[in-house]
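1627 is the number that our numbering gives to position 138 of the sequence shown; each next residue is one higher, with no gaps. No residue lacks a Cβ here, since even glycine has one placed at the ideal position from N, Cα and C. Predicted model only: the values in this text are computed from it and were never measured. Shown next, in structure tokens, is the structure this report addresses.
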Amino acid sequence: MKKKDIKRHLKDYQIFSRTSTISHAFASALSIADIYDDEVIDAALKILGQDPENDLLCAYCDKPAETWDHVKAIVNKGQYSGNGHQVNNLLPCCKSCNSSKGNKNWDTFLRQKGWDTNDRMQRIEKYVSYNFLDATNLLKSDEFKDDLGRMDEIKNEIFSLFKKGDEQAKKIRDKLRHLKSKNQSKNPVPGTK
Ligand SMILES: [Zn+2]
């Protein structure tokens, strides 16, 4: 490490730099969640060839499942992807597959691993389209135009408040810097006098 590496940390923080977090939250908030329903979940798991009453297996590699993989990301490039916390978008998964799959499509992931047997591909294909509401197309209809427009307005109001917050924070920092520099001139670097 070199002394100049410290520069990375010597930067003022900008509230406005958090816009992507807010965009992500706004997009996620549009996602609908399915209500837990034994019948729906049993039917979905049977499509995968699994026994709903037993411990579940990873849909990708057949090891014991430890988590539920969001098959498709809810937010893509800051926009709601139309997927959500719907049963068809949640596959039982082991932790190893969950982390190595990352943001890849499930079929790309299976091909890369060499696990793309016809049987597995067909089962997952059927599972992900089971009881699926594609919100992306619905949201493009006129019915949602005004509501989505208002949503954008609210988000932009927040962004403009972020900018105001940044301006106010800068005022406070400038005062603090001024006080620090006055203080420094009273306390010269040790050894220079
Ligand atoms: Zn796995």
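Just reading off the alpha helix (DSSP H) that Leu-1622 is part of, what are its end residues? Position 133 of the sequence shown holds residue 1622. That residue, Leu-1622, is in no alpha helix (DSSP H); it is neither H nor E in DSSP.
For a minimum of 3 consecutive residues, which ranges assigned as the beta strand (DSSP E) are wholly contained in the segment 1567–1605? 1579–1582
Arg-1600: buried (16+ other C-beta within 10 angstroms of its C-beta) or exposed? One-based indexing of the sequence shown puts residue 1600 at position 111. So Arg-1600 ends up on the exposed side.
Whole angstroms are fine: how far does the CA of Lys-1492 sit from the CA of Glu-1646? The count along the sequence shown starts at 1 and reaches residue 1646 at position 157. The count along the sequence shown starts at 1 and reaches residue 1492 at position 3. Those two C-alpha atoms are separated by around 41 Å.
Considering only heavy atoms of ligand 1, list every residue whose Cβ is less than 7 Å from one of them, following chain order. Cys-1547, Tyr-1549, Cys-1550, Lys-1552, Cys-1582, Cys-1583, Ser-1585 and Cys-1586
Inter-residue Cα distance where the pair is Asp-1544 and Ser-1618: Taking the sequence shown and counting its residues from 1, one reaches residue 1544 at position 55. Taking the sequence shown and counting its residues from 1, one reaches residue 1618 at position 129. Their backbone Cα atoms lie some 23 Å apart in a straight line.
Looking at C-alpha atoms only, which residue of Tyr-1549, Asp-1527, Val-1529 and Leu-1499 is the closest neighbour of Asn-1607? Locating residue 1607 in the sequence shown gives position 118, where the first residue counts as 1. Looking at the Cα atoms, Tyr-1549 is the closest of the given residues.
Flag this pair as yes or no: are the beta carbons of Asp-1523 and Val-1576 separated by less than 9 Å? Walking along the sequence shown from the start, residue 1523 turns up at place 34. Walking along the sequence shown from the start, residue 1576 turns up at place 87. Going by C-beta atoms, Asp-1523 is nearer than 9 Å to Val-1576.
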